[in-house]
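Inspection log for the structure reproduced underneath, given as structure tokens.
In this note's numbering, the protein residues as written are 2 to 392.
What follows is the structure in structure tokens.
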């Protein structure tokens with residue numbers, strides 16, 4: 002948990018003029034009420050080995066999507082977008098680095114327009130949305146006059162939405178207590194309307210913890226220090242779910258202590274970490290579809306898989322695995338139908354092999370890991386794991 006301290010940043014104040022929207026959530030999700038085993042959660046694990054060559058070297062995958070028998074990948078470190086076929090063979094790159102037409106500098110995330118077979122990426126450095134076909138050919142681009150934390154496209158084709166998290170826009174620098182959340186844009190990038198919602202706390206900001214997930218025509222989002230999952234339906238912002246953490250969510254007193262320690266030049270990182278080690282205060286993954294909700298928090302490496310049909314959540318910690326095989330759960334990048342997708346680097350699996358030997362896990366598990374890594378080097382591209390969720 003010590004490395005979580007790197008997420009803490011000092012005193013970023015954002016605001017808006019509207020009154021906070023306060024409504025009661027429709028449903029409560031229980032977390033930490035179980036300790037599920039691998040076999041209870043997943044019926045099968047499939048692996049896809051991504052081809053490794055000089056044209057597609059991937060450091061760390063931050064986004065992955067599947068469509069039309071293709072795998073689309075955004076590399077968090079090199080800021081490149083790659084396309085592979087369903088078996089992991091490299092096909093092409095999308096776009097290139099630069100400030101010219103069709104070029105990007107810092108792609109934040111991408112979306113796939115299935116109707117028009119286009120990939121659209123938002124470049125946070127140049128504040129533009131760039132469209133490509135699946136072969137990487139530049140189609141067009143539009144400029145957005147706001148810095149967005151994430152973006153998407155409405156399913157009805159009416160335009161785009163953008164989410165503003167802890168980043169200051171030119172028109173909200175006056176230090177009000179509320180935050181701009183969502184902005185609607187036309188297909189030409191013109192701003193239609195701004196929507197504002199409840200701001201959880203001022204003056205503290207956790208990098209990369211404002212997360213969004215689009216499900217049908219609703220945008221779900223979680224902010225740090227909030228026990229609620231909010232949604233934006235294009236007209237209003239409201240809480241949809243409340244999360245019951247079993248008493249482990251960070252209390253206001255501890256939050257105030259972190260805030261106070263962060264304000265001091267010589268504050269103790271140990272004191273901050275002592276608080277962080279004992280409480281949950283943010284998530285870094287949230288997905289939803291017709292059947293499931295998935296949540297991940299770095300606190301004890303905790304995942305929760307919530308079945309919407311029977312309203313039951315299964316919670317598990319760290320990298321659970323089958324004792325007699327290589328099948329190990331890494332926190333995922335995608336939820337699609339009844340499947341979760343993760344993409345660890347082979348170096349992570351080599352660490353697991355070493356751990357299996359040192360901790361004297363079963364000979365079957367060690368042997369299985371060796372077979373998995375037989376034709377893989379530690380510096381090869383990530384391996385995609387596909388987990389079939391048990392109904």
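Yeah, the Cβ is synthetic: ideal placement off N, Cα and C, and Gly gets one too.
Non-local beta-carbon contacts of residue 113 in its own chain, meaning distances under 7 angstroms to residues more than five positions away in sequence, involve 66, 68, 73, 120 in chain order. For the pair of segments examined, the segment 30 to 43 was found not to touch the segment 367 to 379: the number of CB pairs separated by less than 8 angstroms stays below three.
The beta carbon of residue 359 is closer than 8 angstroms to none in its chain, skipping five residues each way along the sequence. For residue 348, the uninterrupted alpha helix (DSSP H) segment begins and ends at 347 to 359. Counting along the chain, residue 368 sits inside the alpha helix (DSSP H) bounded by residues 364 to 373. When DSSP states are grouped into helix, strand and coil, residue 302 belongs to the helix group.
The count of Cβ pairs closer than 8 angstroms, one atom from the segment 356 to 372 and one from the segment 310 to 317, stays below three, leaving the stretches out of contact.
Nearest neighbour of residue 150 by Cα position, chosen from 334, 133, 301, 124, turns out to be 124. Annotation for residue 162: 152, 153, 154, 155, 183, 184, 185, 186, 220, 233, 235 place their beta carbon closer than 8 angstroms to its own, counting only its chain and skipping 5 residues before and after. The C-alpha of residue 302 is placed about 19 angstroms away from the C-alpha of residue 324. DSSP places residue 75 outside any alpha helix (DSSP H); the residue lies instead in the beta strand (DSSP E), whose first and last residues are 71 to 76.
By DSSP's assignment, residue 315 forms a beta bridge with 306.
Taking residue 370 as the centre and dropping the five residues before and after it, the same chain places the C-beta of 327, 350, 353, 354, 357 closer than 8 angstroms to its C-beta, in chain order.
Contact between residue 320 and residue 329 is confirmed by a C-beta separation of about 5 angstroms, below the 8 angstroms threshold. According to DSSP, residue 220 shares a beta bridge with 215, 233. Counting every other CB atom within 10 Å of its CB across the protein chains shown gives residue 48 a total below 16, marking it as exposed. For residue 243, the enclosing beta strand (DSSP E) covers residues 238 to 245. Membership of residue 42 in the alpha helix (DSSP H) is indicated by the continuous run 39 to 42.
The Cβ atoms of residue 246 and residue 281 sit closer than 9 angstroms to each other. By the neighbour-count definition (other C-beta atoms within 10 Å, threshold 16), residue 367 is a buried residue. DSSP places residue 64 in the strand class (E or B) of the three-state scheme. Approximately 6 angstroms separates the beta-carbon atoms of residue 386 and residue 46; this is inside 8 angstroms, confirming the contact. About 5 angstroms separates the beta carbon of residue 331 from that of residue 345, a gap short enough to meet the 8 angstroms contact definition. Annotation for residue 117: no beta strand (DSSP E) segment contains it, and DSSP assigns it neither H nor E. The shortest CA-to-CA distance from residue 105 to any of 128, 85, 89 is the one to 128.
When DSSP states are grouped into helix, strand and coil, residue 256 belongs to the helix group. Taking 9 angstroms as the cut-off, the beta carbon of residue 333 is found no closer than this to the beta carbon of residue 59.
When secondary structure is reduced to three states using DSSP, residue 289 falls in the strand class. Scanning its chain for C-beta atoms nearer than 8 angstroms, with the 5 sequence neighbours on each side dropped, one finds around residue 62 the residues 74, 75, 76, 77, 334, 344, 383, in chain order. DSSP, reduced to helix, strand and coil, places residue 192 within a strand of the structure shown.
Under DSSP, residue 336 takes part in a beta bridge, and its partners are 341.
In this structure residue 192 is not in contact with residue 157, their Cβ atoms being roughly 18 angstroms apart against a cut-off of 8 angstroms.
Contact check for residue 218 and residue 26: beta-carbon distance about 19 angstroms, past the 8 angstroms limit, so the pair fails to qualify. Per DSSP, residue 132 is one residue of the beta strand (DSSP E) stretching across 129 to 134.
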